[in-house]
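Residue numbers (the numbering used here), protein chains in the order written: chain A, 24 to 327; chain V, 9 to 328; chain S, 34 to 398.
Note that beta-carbon positions come from the ideal geometry of N, C-alpha and C, so glycine has one too.
In what follows, a single structure is set out as structure tokens and then discussed.
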Amino acid sequence: MSSNEMTGMTTSSGEALQENRVPIWRLRKAAANYIALIPYLAFALFPFYIIAITSIKSKQEINNLGESPFWASGIAVENYTFLYTNTSFFEHWMVNTLIVTTVSTIISVTVGILAAYALARLKFRGVEMFGVAVFITYLVPQTLLFLPLVDVINLIDDFIPIRDTYWSLILTYPTFLIPFVTWLLMGYFRTIPVEVEECAYLDGCSRLGALFKVVLPMAIPGIICAILFSYTLSWNEFLYSLVFIQDEYAKTLSVGVFTELIRGDIYFWGSLMAACLLGTLPIVILYGFLMDYYTSGLTQGAIK
Amino acid sequence: MVTGTEVGGAASSPPLTLKSRLRRSIGPDLDGYYFILPTVIIVFCLILYPFCLAVYYSMSNAFIGEETHFIGLENFHYIIFEDDIFMMTVRNTLLFAVISVVFKTVLGLLCALLLLRIIKLRRFLRGAMLLPFVAPTALTTLGWWLILDPTYSHINWIFEHVWPFSVLDVGPYNFLGEPTLALGAVIFVNVWRGLPFFIITILAGLVSIPDHLYEAAEIDGASIMDKFWKITLPLLRPVLAVIILFSTIFTLGEFNIIYVLTRGGPMNETHLFATYSFTAGVLNHEIGLGAAIALFLFPILVVTVILLLRLVRRDSQYEL
Amino acid sequence: MASIKLTNLWKHYGDVQAVRGINLDIGHNEFVALVGPSGCGKTTTLRMIAGLEDITGGEIEIGENVVNEVPPKDRDIAMVFQNYALYPHMSVYQNMSFGLKIRKTPKEEIDKRVQMAAEILNISELLERRPAQLSGGQRQRVAMGRAIVRDPVVFLFDEPLSNLDAKLRVQMRTEIKKIHQRVQTTVVYVTHDQVEAMTLADRIVVMNEGVIEQVGTPNEMYSSPKTHFVASFIGSPSMNFMNCQLAKTAGGLAVRLSDDLSLPVPEDRTARYAPYADKEMTFGIRPEHVTEKRPHANGAQQDIDANVNVLEPMGVDTMVFFNLGPTEICARAEPTSVSEVGETMGFTVSMDKMHLIDPSTGAVV
């Protein structure tokens with residue numbers, strides 16, 4: 024007991040010492056550190072600022088080239104009302120994106136959980152080869168696949184009408200989501216002690232029982248991370264959506280904005296920027312709440 | 009006295025059931041196949057089959073609405089020996105990938121080192137730095153388009169109105185209209201978008217270097233520079249290697265930034281494999297040609313994957 | 034409650050043979066400890082009994098049934114793991130009731146059993162907590178509680194105390210013994226700590242390199258080890274071993290340790306050792322049987338003098354290291370009677386406690 028009190032005293036007095044005498048060179052170093060980060064911060068946030076500020080300018084103000092483009096004289100909502108009244112932005116693109124993103128995330132995370140569990144835990148012939156195959160598919164760029172996938176979609180369209188609908192995206196997004204989710208979750212499952220699962224077997228659980236009652240509840244951070252990543256990746260997807268969808272009402276956000284709002288040589292910069300801001304916002308908000316999950320998932324691939 | 013060793017092997021065990029014989033040859037977890045079945049189906053139907061289809065197309069004269077014929081290596085012969093745009097694409101891809109990965113690595117390392125010592129505003133700063141990576145690329149690139157647009161360019165406005173540029177008579181530049189500037193612009197935006205991945209990953213690598221190594225070096229009299237070159241960099245090497253390879257793969261396959269900013273122009277001078285393949289295959293309906301162009305990515309991809317797998321394996325051994 | 038019978042049990046991992054044909058009978062309500070160095074196959078054996086590891090060859094019977102093909106969930110076994118393996122997302126109560134719930138035990142019954150087990154283990158106030166909020170010792174108790182609640186036919190322990198600090202380990206050891214006396218189940222207890230095995234078990238099984246070296250009660254293991262390995266493994270500090278020659282003398286046999294040092298073999302062992310006369314043997318004697326010079330209690334005790342190399346005071350006794358012939362050995366002496374380092378000291382060796390090992394077979398003769 025007395026030794027505990029002793030150590031307690033020494034640490035508290037040590038802290039007090041540090042607080043009283045922060046050397047000036049250390050303060051200066053810290054300040055330099057923050058100042059050196061300013062250019063990075065400005066670089067990262069600059070386009071977001073421009074997008075936001077332009078979206079609240081009136082058309083006249085944007086076209087007044089003598090004025091500073093870095094500041095707005097007032098807040099105009101005309102760009103936003105334009106999006107609502109003259110385009111399919113809210114009514115179709117936003118809704119389509121939400122549907123595609125949600126459904127393909129559900130599919131990918133479910134399928135990915137099963138595959139990742141097998142890779143992390145089960146021993147059977149071919150499991151290692153399967154792991155390598157998943158890793159390779161994770162790295163196969165969409166560039167290689169978008170042309171033949173058009174044919175695959177046409178092939179399926181002969182039986183189920185999916186061509187030129189968002190179902191073609193729901194079908195194809197899992198091709199890049201599942202490998203990623205599997206890889207991510209495999210890492211998480213491996214951090215769960217095998218003994219806990221074995222204990223569940225001894226307690227009377229079947230394989231699926233142990234997976235659902237013990238492993239998955241313990242892997243919740245990993246699953247949140249997987250959902251967040253699939254959501255972001257499919258929300259941001261551009262190429263497949265651009266290639267597979269021509270119908271204006273079936274388009275997703277990125278492609279709708281890019282193909283329908285840019286017409287001819289005169290661009291409606293204000294409404295374009297308003298659309299960019301609104302299309303970015305949901306992801307940014309989501310990520311604001313769950314940033315720590317996002318960073319852990321992002322670094323896991325490289326660190327582990 | 010030793011019990012039992014004299015009895016040889018498993019010879020005297022009871023007759024095996026079919027299940028236990030299967031388990032012996034396949035492994036203890038037969039149900040593993042059910043778990044991977046959905047993934048296997050999807051990989052086969054939507055990745056492997058289309059990939060084989062792509063290989064077939066690349067050796068055919070596939071054209072939308074016409075009959076397809078096998079034409080051997082004619083497409084490859086054409087793009088390698090007769091197609092100037094393709095040569096430019098190869099050059100662009102190399103320049104694009106090398107320059108932007110180098111910038112991302114150096115800037116990412118610097119920024120991670122700065123962020124490492126930050127205590128106040130830590131979450132806010134990291135979050136802000138990550139934004140370009142999370143936001144939809146196509147949309148944020150539209151923002152850059154406005155910034156770089158010849159008429160509305162914010163940069164040209166600075167050149168015109170802000171001292172000392174206003175006196176020096178710099179610009180205005182047509183950033184997306186001149187080939188060299190346009191290539192520079194897409195590289196710039198790619199660095200902007202990919203930098204956060206480097207910052208955050210390198211930062212995680214830096215955090216994992218134990219403090220006592222630095223303390224030991226300090227006691228040995230090492231300077232800040234010594235510590236960086238002798239401890240930080242060598243220990244960061246595996247992390248750097250992995251992210252550089254990852255980033256290389258994704259940079260080589262880049263489509264969104266180029267397509268939104270320049271569409272490969274001006275005069276097809278800023279195409280990468282992805283945009284050129286898209287232009288040939290989708291816009292010009294020459295599917296065979298488009299597939300052949302995209303396939304050039306494949307050997308590069310294979311080499312990178314092999315390198316990556318080796319690195320990942322070696323590092324895991326290192327951990328043990 | 035059931036007996037366990039292992040018959041010619043084998044386990045291969047690829048080319049590695051972890052368990053090489055062991056036979057073992059464990060009786061009703063018996064407490065058996067499997068002990069041995071790491072990698073000796075003790076944990077693998079335990080896991081095969083639990084069904085967590087496939088059996089390469091041989092048979093395991095629990096009760097009267099061969100369970101080779103029975104999955105772990107149907108074996109009615111509870112196991113306490115080294116890292117406790119508590120479900121981190123469940124409260125202590127949920128942890129303890131999980132197994133019963135899976136087996137669809139009525140709610141009142143579950144409640145009754147959990148309360149009873151919690152009482153036995155003194156964790157009644159902890160039932161609503163999560164594992165993360167518990168200390169190491171408390172987690173250990175919950176892990177045992179989870180097993181007790183199930184009232185299984187067999188209780189398995191896999192090095193349950195090795196994650197606790199030394200003091201708590203001794204305390205929990207006593208507790209486990211008390212609990213076994215109270216709940217009366219067949220227990221198989223794996224440990225690498227021979228003291229734990231000695232204090233807890235009815236019978237000890239010493240394993241080495243995948244085979245059983247010896248099975249016996251703690252006292253048998255201590256006083257009559259059957260192999261060099263068991264002799265060296267059981268007892269702390271461990272037995273002294275010296276190369277010697279078994280020489281014939283006028284009166285019978287003597288252990289010849291060096292040119293000028295021979296110790297006569299007690300008369301009652303002469304017949305037993307006679308076949309090994311004139312052979313190179315290994316002489317073994319425990320430190321507690323080499324003491325400071327004392328008046329002889331029987332005719333078998335012998336006095337020797339030697340220079341003290343090192344002293345290790347332990348409180349009750351002092352360990353004295355000195356050279357006997359070419360080998361350094363350890364003696365256990367009364368603290369007040371030891372000499373300074375470098376000085377000569379007299380020792381009494383109790384030759385009636387000696388062991389003689391045939392180095393060609395490793396067997397104690």
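Go ahead and pull the three-state DSSP assignment for residue i.
{"i": "alanine 66(S)", "result": "strand"}
{"i": "serine 68(V)", "result": "strand"}
{"i": "histidine 85(V)", "result": "helix"}
{"i": "isoleucine 34(V)", "result": "helix"}
{"i": "proline 164(A)", "result": "coil"}
{"i": "aspartate 58(S)", "result": "strand"}
{"i": "methionine 275(S)", "result": "strand"}
{"i": "lysine 38(S)", "result": "strand"}
{"i": "glycine 142(S)", "result": "Per the sequence shown, residue 142(S) should be read as glutamate rather than glycine. If DSSP states are grouped into helix, strand and coil, glutamate 142(S) belongs with the helices."}
{"i": "glycine 389(S)", "result": "Rather than glycine, the amino acid found at residue 389(S) in this sequence is leucine. Strand."}
{"i": "valine 100(S)", "result": "coil"}
{"i": "isoleucine 185(A)", "result": "coil"}
{"i": "lysine 44(S)", "result": "strand"}
{"i": "glutamate 90(A)", "result": "coil"}
{"i": "arginine 53(S)", "result": "strand"}
{"i": "methionine 240(S)", "result": "strand"}
{"i": "phenylalanine 304(V)", "result": "coil"}
{"i": "leucine 189(S)", "result": "strand"}
{"i": "valine 175(A)", "result": "helix"}
{"i": "glycine 213(V)", "result": "helix"}
{"i": "isoleucine 245(S)", "result": "strand"}
{"i": "methionine 123(S)", "result": "coil"}
{"i": "methionine 275(V)", "result": "coil"}
For residue i, which residues of its own chain have a beta-carbon under 6 Å away from its beta-carbon, when the five flanking residues on both sides are left out?
{"i": "phenylalanine 106(V)", "result": "It should be pointed out that residue 106(V) corresponds to valine in this sequence rather than to phenylalanine. Here the set comprises nothing."}
{"i": "glutamate 94(S)", "result": "Lys38"}
{"i": "leucine 309(V)", "result": "none"}
{"i": "glutamine 247(S)", "result": "Val239, Lys259 and Val263"}
{"i": "alanine 223(A)", "result": "Ala233 and Val237"}
Please name the residue in the options whose C-alpha comes closest to that of residue i.
{"i": "valine 194(V)", "options": "Leu103(V), Ile127(V), Val247(V) and Tyr57(V)", "result": "Leu103(V)"}
{"i": "isoleucine 83(V)", "options": "His293(V), Ile217(V), Leu297(V) and Leu147(V)", "result": "Reading off the sequence, residue 83(V) comes out as asparagine, not isoleucine. Nearest C-alpha to asparagine 83(V): Leu297(V)."}
{"i": "glycine 149(A)", "options": "Leu56(V), Leu221(V), Ile44(V) and Glu294(V)", "result": "Ile44(V)"}
{"i": "isoleucine 72(S)", "options": "Val371(S), Leu133(S), Glu242(S) and Ala83(S)", "result": "Checking the sequence, you will find glycine at residue 72(S) rather than isoleucine. Per the Cα distances, Glu242(S)."}
{"i": "aspartate 37(V)", "options": "Glu86(S), Ser383(S), Arg305(S) and Ser157(S)", "result": "Glu86(S)"}
{"i": "threonine 312(V)", "options": "Leu291(V), Thr259(V) and Leu156(V)", "result": "Thr259(V)"}
{"i": "leucine 138(V)", "options": "Ile176(A), Ala139(A) and Ala65(A)", "result": "Ala65(A)"}
{"i": "glutamate 102(S)", "options": "Met112(S), Asp58(S) and Ile82(S)", "result": "Ile82(S)"}
Just to confirm my understanding: we take residue i, look at its own chain, exclude 5 residues before and 5 after, and list those with CB closer than 8 Å. What are they?
{"i": "leucine 319(V)", "result": "Pro246, Ala249, Val250 and Leu253"}
{"i": "valine 175(V)", "result": "none"}
{"i": "methionine 32(A)", "result": "Low per-residue confidence applies at methionine 32(A): pLDDT is 41, beneath 50, and the placement is therefore not dependable, though the value from the model is reported in the following sentence. Around methionine 32(A): no qualifying Cβ."}
So, at 7 Å on beta carbons, what are the nonlocal neighbours of residue i in its own chain, with the 5 sequence-adjacent residues on each side left out?
{"i": "serine 36(A)", "result": "Unreliable positioning characterises serine 36(A) in this predicted model, as indicated by a pLDDT of 43, which lies under 50. The coordinate reading is nonetheless provided below. Contacts found: none."}
With three or more beta-carbon pairs closer than 8 Å as the criterion, would you say the stretch 119-130 of chain S touches the stretch 91-109 of chain S? no
Inter-stretch contact at 8 Å, needing at least 3 Cβ pairs: the stretch 235-246 of chain A / the stretch 203-217 of chain A: yes
What are the uninterrupted segments assigned as alpha helix (DSSP H) that are 4 or more residues long and contained completely in the stretch 114-178 of chain V, given in chain order? 130-142, 145-156, 162-169 and 173-176
Residue ranges of each alpha helix (DSSP H) run of no fewer than 4 residues wholly in the stretch 192-272 of chain A, ordered along the chain? 197-214, 217-225, 230-233, 243-259 and 262-267
Can we say the stretch 175-188 of chain V touches the stretch 112-124 of chain V, given the rule of at least three CB pairs closer than 8 Å? no
Answer yes if the stretch 125-142 of chain A comes into contact with the stretch 271-278 of chain A, meaning at least three C-beta pairs across the two stretches below 8 Å, and no otherwise. no
Three or more beta-carbon pairs under 8 Å between the stretch 226-245 of chain V and the stretch 245-262 of chain A, yes or no? no
Can you list, in chain order, the stretches of the alpha helix (DSSP H) that have 4 or more residues and sit fully within the stretch 283-318 of chain S? 300-306
Any beta strand (DSSP E) of 3 or more consecutive residues that is wholly inside the stretch 335-390 of chain S: 351-357, 360-366 and 377-383
Are three or more beta carbon pairs between the stretch 51-67 of chain V and the stretch 289-307 of chain V nearer than 8 Å? yes
Stretch pair the stretch 297-310 of chain S + the stretch 336-346 of chain S: three plus CB contacts closer than 8 Å: no
Cβ contact check for the stretch 198-217 of chain S and the stretch 164-180 of chain S: 3 or more pairs under 8 Å: yes
State whether the stretch 75-83 of chain A contacts the stretch 49-66 of chain A, with contact taken as three or more CB pairs (one from each stretch) at a distance under 8 Å. no
With contact counted as at least three CB pairs below 8 Å, one residue from each stretch, are the stretch 112-124 of chain S and the stretch 57-67 of chain S in contact? no
Do three or more CB pairs link the stretch 267-280 of chain V to the stretch 190-210 of chain V at distances below 8 Å? yes
Within the chosen definition, does the stretch 340-351 of chain S reach the stretch 364-373 of chain S through at least 3 CB pairs nearer than 8 Å? yes
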